[in-house]
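Chemist: In my numbering, the protein residues as written are 297 to 730.
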Amino acid sequence: MITVTMQLRSREQQLGCALALRFLALVPWGIPRARALDNGLAMTPTMGWLHWERFMCNLDCQEEPDFCISEQLFMQMAELMVSDGWKDAGYEYLCIDDCWMAPQRDSKGRLQADPQRFPGGIRRLANYVHSKGLKLGIYADVGNKTCAGFPGSFGYYDIDAQTFADWGVDLLKFDGCYCDSLEHLAYGYKRMSFALNQTGRSIVYSCEWPLYMWPLQKPNYTEIRQYCNHWRNFADVYDSWQSVKSILDWTSSNQESIVDAAGPGGWNDPDMLVIGNFGLSWNQQVTQMALWAIMAAPLLMSNDLRHISPQAKALLQDKDVIAINQDPLGKQGYRLRKGNNFEVWERPLSDLAWAVGILNRQEIGGPRSFTISIASLGRGVACNPACLITQLLPVKRELGFYEWTSRLKTQINPTGTVLLRLEETNQDASKSLL
Ligand SMILES: *[C@@H]1O[C@H](CO)[C@@H](O)[C@H](O)[C@H]1NC(C)=O
Ligand SMILES: *[C@@H]1O[C@H](CO)[C@@H](O)[C@H](O)[C@H]1NC(C)=O
Ligand SMILES: *[C@@H]1O[C@H](CO)[C@@H](O)[C@H](O)[C@H]1NC(C)=O
Numbered sequence: 297m298i299t300v301t302m303q304l305r306s307r308e309q310q311l312g313c314a315l316a317l318r319f320l321a322l323v324p325w326g327i328p329r330a331r332a333l334d335n336g337l338a339m340t341p342t343m344g345w346l347h348w349e350r351f352m353c354n355l356d357c358q359e360e361p362d363f364c365i366s367e368q369l370f371m372q373m374a375e376l377m378v379s380d381g382w383k384d385a386g387y388e389y390l391c392i393d394d395c396w397m398a399p400q401r402d403s404k405g406r407l408q409a410d411p412q413r414f415p416g417g418i419r420r421l422a423n424y425v426h427s428k429g430l431k432l433g434i435y436a437d438v439g440n441k442t443c444a445g446f447p448g449s450f451g452y453y454d455i456d457a458q459t460f461a462d463w464g465v466d467l468l469k470f471d472g473c474y475c476d477s478l479e480h481l482a483y484g485y486k487r488m489s490f491a492l493n494q495t496g497r498s499i500v501y502s503c504e505w506p507l508y509m510w511p512l513q514k515p516n517y518t519e520i521r522q523y524c525n526h527w528r529n530f531a532d533v534y535d536s537w538q539s540v541k542s543i544l545d546w547t548s549s550n551q552e553s554i555v556d557a558a559g560p561g562g563w564n565d566p567d568m569l570v571i572g573n574f575g576l577s578w579n580q581q582v583t584q585m586a587l588w589a590i591m592a593a594p595l596l597m598s599n600d601l602r603h604i605s606p607q608a609k610a611l612l613q614d615k616d617v618i619a620i621n622q623d624p625l626g627k628q629g630y631r632l633r634k635g636n637n638f639e640v641w642e643r644p645l646s647d648l649a650w651a652v653g654i655l656n657r658q659e660i661g662g663p664r665s666f667t668i669s670i671a672s673l674g675r676g677v678a679c680n681p682a683c684l685i686t687q688l689l690p691v692k693r694e695l696g697f698y699e700w701t702s703r704l705k706t707q708i709n710p711t712g713t714v715l716l717r718l719e720e721t722n723q724d725a726s727k728s729l730l
C-alpha cells in the first residue's frame, strides 16, 4: 500500500516537473528565427543531385565521355532520377556545378554553355529536365571568375540572372571565389538575390556567402537568411569519413550561431551527400544520412546514379529518414551532448515528435552500448509521460513504449549512428497545453 502511494506521489511530482519543462521548451533556444528570403521556395530543405563531388571539373569528353561535364551526363541522370524512384522519394533538383561554361561570354555579354559539351545549350537541357518533371539547377560565381576559372558574374548580375531565367533554370548555386573584398561579397550576394527576384522566375538561391566570410568576419545570419534559400558555411565535402566528421564537428561547435537561422525558406547547407561513392563505410553512410536529416540539410546527392549499390540507394531513399529531413516544422537539430566518444543529437519535429541520433565516434573496438535516460531527451518533454520509439537506422525496428523515467539501451557500431524517432503518446493533452 505504502509503496503504491509513494509511486503515485512521485508521479504527480514528475508531472509537475514535466509541465514546467514543457513550458520551458516553448521558449526559443536562442535568437528568434528571422525573416526568410521571400520567394516562396525551399519551405523544406532542397532535395536533388549535384555533380561536383563525384564528377568535379572533368572536361575530357574525348577520353572519358561518360564522366565529363556534358549534357549527356545530366540527361542520363534525369532519366534515372525518374526511372529509379529518386524523384518519387523527393529528389527533384538536378544541379549543374562549375565547369559547364564556355571560356568566354557571347557578343552580348551573356554566359554560354560550352558548345562541345552542351551542344543543345542549357535551354534545351532545361526543357528536357522539365519534361521529366524535374527542375534544373545551375552554377555561377559572385566574383570575377568561377572557382575553376570560368567567367564570373561580377558586373553581370542582372544579365546572368535574366539569362538563367530565360533558359528556365530553377536553382542557382552562387559560389564565392575570386572576390576581392567583404564589401564586394556582400554586395554581390545581395545584388544577385535582387536580380533573380526581378526576373519574376522562381529560382532557389543557394549561397556560399558565410563560407567566404568566416575567415574574415562572423557572418550575420539574420541578414543572410533574408537573401538566400540555403548557404554553405564550411569546406567542401570529400568522399571520406574524415571530411564528414569535420563537417559534424564544425556544425556542432558553431550550433549556437547557426541552428536558429534555419527554418522554412532558409537552411544551413553542410554540403553534398556522398553516400553511394567509395570513401564511406556502410556505417559512415548511415551516419551521414541520419545527421543530415537531423541538421535539416539540403539533400543534394553527388554520386553516380548509373552505378550505385542497392544498399546505398535504399538508404538515400529511406522514406522515414527523408520525412525527418523534410519535417514541416523546419527546426534544425543540434548536438545535445558528447562524451566517452559518443555524441547525442536531437531535432524537434512537428506533432511534438523528436528525432534522436546517437553516434559512436570510437574507431577502435566493436559495437558499444549506450544507455540514454529518456527524460534527458527533447528538453525533458520528448517523452512525457511516455512515447513510442522507433529505430529508423541502421535498420527499422519498433522499440515500443517508454516512460519518462525509463532508460533505453542501444548498440552502436564504430562510426555508425542509431537514429530514433520518438512520438508522443498523449498528443491531445500536450497540444491543449500549447
Ligand atoms: C520578389 O520579392 C517580392 C517581395 O519580397 C515577393 O513578393 C515576390 O514573390 C518575389 N518574386 C520572386 C519571383 O521571387
Ligand atoms: C574584379 O576585377 C577588377 C579589376 O581587377 C577589380 O577592380 C574588382 O574589384 C574585382 N571584383 C571582385 C569582386 O573581385
Ligand atoms: C544583422 O542584420 C540584421 C538585418 O539586416 C540587422 O538588423 C542587425 O542589426 C545585424 N546585426 C548585427 C550584429 O550587425
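Just so you know, even glycine gets a beta-carbon here, dropped at the ideal spot from N, CA and C. This one's a predicted model, so the numbers in the text were calculated from it and none came from an experiment.
Based on Cα-Cα distance, which residue from GLN607, ARG703 and PRO566 lies nearest to ILE590?
Modeler: In the sequence shown, the residue the question calls residue 590 occupies position 294. It is PRO566.
Chemist: Quick check: is any heavy atom of ligand 3 less than 6 Å from the C-beta of ASN656?
Modeler: As a working note, residue 656 is residue 360 in the sequence shown. The answer is no for ASN656.
Chemist: Alpha carbon to alpha carbon, how far is MET488 from PRO280? Give it in angstroms, no decimals.
Modeler: Examination of residue 280 is not possible in this model, given that the chain is present from 297 through 730 alone.
Chemist: Pull the bridge partners of GLY433 from the DSSP assignment, please.
Modeler: What you label residue 433 is simply residue 137 of the sequence shown in a count that begins at 1. For GLY433, which the question treats as bridged, DSSP gives the partners CYS391 and LEU467.
Chemist: Quick one: measure Cβ to Cβ for ILE499 and VAL540, integer angstroms, because I've assumed they're closer than 8 Å.
Modeler: Translated into positions along the sequence shown, residue 499 becomes position 203. Translated into positions along the sequence shown, residue 540 becomes position 244. So it is not a contact: roughly 29 Å between Cβ atoms.
Chemist: Regarding GLU720 and ligand 3, is the C-beta to nearest heavy atom distance less than 6 Å?
Modeler: Within the sequence shown, the letter at position 424 stands for residue 720. Outside the cutoff, so no.
Chemist: In this structure, does DSSP put LYS634 in helix, strand or coil?
Modeler: Stepping through the sequence shown from its first residue, residue 634 is reached at position 338. Residue state, collapsed to three classes: strand.
Chemist: Does the beta carbon of ASN525 fall short of 6 Å from some heavy atom of ligand 1?
Modeler: Along the sequence shown, one-based indexing puts residue 525 at 229. Flag unset: Cβ of ASN525 not near ligand 1.
Chemist: Label PRO411 either buried or exposed according to how many other C-beta atoms from any shown protein chain fall within 10 Å of its C-beta, with 16 as the threshold for buried.
Modeler: In the sequence shown, counting from the first residue as 1, residue 411 sits at position 115. By the 10 Å Cβ count, PRO411 comes out exposed.
Chemist: With a cut-off of 8 Å on the beta carbons, I'd call ALA330 and GLY561 a contact; round off their distance for me.
Modeler: As a working mapping, residue 330 is identified with position 34 in the sequence shown. As a working mapping, residue 561 is identified with position 265 in the sequence shown. The Cβ separation is near 10 Å, so there is no contact.
Chemist: Pairing CB atoms from the stretch 365-378 with CB atoms from the stretch 478-497, are three or more of them under 8 Å?
Modeler: With the cut-off at 8 Å, the stretch 365-378 and the stretch 478-497 do not touch.
Chemist: Are the CB atoms of THR342 and PRO594 nearer to each other than 7 Å?
Modeler: Walking along the sequence shown from the start, residue 342 turns up at place 46. Walking along the sequence shown from the start, residue 594 turns up at place 298. Against a cut-off of 7 Å, the Cβ pair of PRO594 and THR342 comes out as a contact.
Chemist: Which residues bound the alpha helix (DSSP H) around MET568?
Modeler: Counted from its first residue, the sequence shown places residue 568 at position 272. Note, MET568: premise wrong, no alpha helix (DSSP H); not H, not E.
Chemist: What's the C-alpha gap between ALA586 and GLY635?
Modeler: Mapped onto the sequence shown, residue 586 falls at position 290. Mapped onto the sequence shown, residue 635 falls at position 339. C-alpha separation (whole angstroms): 19 Å.
Chemist: In angstroms with no decimal places, state the Cα-to-Cα distance between LEU317 and VAL652.
Modeler: Taking the first residue of the sequence shown as position 1, residue 317 is located at position 21. Taking the first residue of the sequence shown as position 1, residue 652 is located at position 356. Unreliable positioning characterises LEU317 in this predicted model, as indicated by a pLDDT of 43, which lies under 50. A coordinate reading is not provided.
Chemist: Using the Cβ count rule (16 or more neighbours within 10 Å means buried), how would you classify VAL533?
Modeler: Position 237 of the sequence shown holds residue 533. Buried: at least 16 other Cβ atoms inside 10 Å.
Chemist: Counting beta carbon pairs with one atom in the stretch 608-625 and one in the stretch 642-657, are three or more of them shorter than 8 Å?
Modeler: Touching, yes.
Chemist: Is the beta carbon of GLY472 sitting closer than 7 Å to the one on GLU504?
Modeler: Locating residue 472 in the sequence shown gives position 176, counting from the first residue. Locating residue 504 in the sequence shown gives position 208, counting from the first residue. Yes.
Chemist: So, are the CB atoms of LEU481 and TYR523 less than 7 Å apart?
Modeler: Here residue 481 corresponds to residue number 185 of the sequence shown, with the count starting at 1. Here residue 523 corresponds to residue number 227 of the sequence shown, with the count starting at 1. In this structure, TYR523 does not lie closer than 7 Å to LEU481 by Cβ.
Chemist: I'd like the ranges of any alpha helix (DSSP H) spanning at least 4 consecutive residues and lying wholly in the stretch 510-555.
Modeler: The qualifying runs are 517-523, 537-549 and 551-554.
Chemist: At what residues does the beta strand (DSSP E) containing ILE668 begin and finish?
Modeler: As a working mapping, residue 668 is identified with position 372 in the sequence shown. Its beta strand (DSSP E) spans residues 664-669.
Chemist: Where do the N-terminal and C-terminal ends of the beta strand (DSSP E) with PHE697 fall, by residue?
Modeler: Counted from its first residue, the sequence shown places residue 697 at position 401. Residues 693-699.
Chemist: Roughly how many whole angstroms lie between the Cα atoms of VAL617 and MET397?
Modeler: For the purposes of this step, residue 617 is taken as residue 321 along the sequence shown, with counting starting at 1. For the purposes of this step, residue 397 is taken as residue 101 along the sequence shown, with counting starting at 1. About 36 Å.
Chemist: For MET373, which of TRP588, LEU601, GLY433 and ASN579 has the nearest alpha-carbon?
Modeler: What you label residue 373 is simply residue 77 of the sequence shown in a count that begins at 1. Nearest C-alpha to MET373: LEU601.
Chemist: Quick one: which unbroken alpha helix (DSSP H) runs of 4-plus residues sit fully inside the stretch 348-393? Chain order, please.
Modeler: DSSP runs (the alpha helix (DSSP H)) wholly in the stretch 348-393: 348-351, 367-379 and 382-385.
Chemist: Residue ranges of each alpha helix (DSSP H) run of no fewer than 4 residues wholly in the stretch 451-502, ordered along the chain?
Modeler: The stretch 451-502 contains these whole alpha helix (DSSP H) runs: 453-463 and 478-495.
Chemist: If you draw a straight line from the alpha carbon of HIS347 to that of ILE670, how long is it in whole angstroms?
Modeler: Residue mapping note: residue 347 aligns to position 51 of the sequence shown, counting from 1. Residue mapping note: residue 670 aligns to position 374 of the sequence shown, counting from 1. Straight-line Cα distance between these residues: approximately 41 Å.
Chemist: Assign LYS609 to one of three DSSP states: helix, strand, or coil.
Modeler: The sequence position of residue 609 within the sequence shown is 313, counting from 1. LYS609 falls in the helix class under three-state DSSP.
Chemist: Using only Cβ atoms and a threshold of 5 Å, which residues come within that distance of a heavy atom of ligand 2? Order them by chain position.
Modeler: Output, sorted by chain position: GLY439, ASN440, PHE450, CYS475, ASP476 and HIS480.
Chemist: Tell me which same chain residues have a C-beta within less than 8 Å of the C-beta of ALA682, skipping the five on either side of it?
Modeler: Here residue 682 corresponds to residue number 386 of the sequence shown, with the count starting at 1. Counting only Cβ-Cβ distances below 8 Å, and skipping sequence neighbours, we find PHE697, TYR698, GLU699, TRP700, THR721 and ASN722.
Chemist: Please identify the residue among CYS443, LEU390, ASN440 and ALA444 whose C-alpha is closest to the C-alpha of ILE418.
Modeler: Residue numbering aside, residue 418 sits at position 122 when the sequence shown is read from its first letter. Per the Cα distances, LEU390.
Chemist: State the Cα-Cα distance for the pair TRP588 and LEU478, rounded to the nearest angstrom.
Modeler: The count along the sequence shown starts at 1 and reaches residue 588 at position 292. The count along the sequence shown starts at 1 and reaches residue 478 at position 182. Between TRP588 and LEU478, the C-alpha separation is close to 29 Å.
Chemist: Quick one: does the C-beta of ASN493 sit closer than 6 Å to a heavy atom of ligand 1?
Modeler: Counted from its first residue, the sequence shown places residue 493 at position 197. Yes, ligand 1 has a heavy atom inside 6 Å of this Cβ.
Chemist: Who's in the neighbourhood of ligand 3, going by beta-carbon under 6 Å from any heavy atom, listed in chain order?
Modeler: Qualifying residues come out as ASN516, THR518 and GLU519.
Chemist: With DSSP as the reference, label ARG643 as helix, strand or coil.
Modeler: Here residue 643 is taken as the residue at index 347 of the sequence shown, counted from 1. If DSSP states are grouped into helix, strand and coil, ARG643 belongs with the strands.
Chemist: Per DSSP, which residues does ALA409 bridge with? Please list them.
Modeler: As a working note, residue 409 is residue 113 in the sequence shown. Paired residue(s): MET397.
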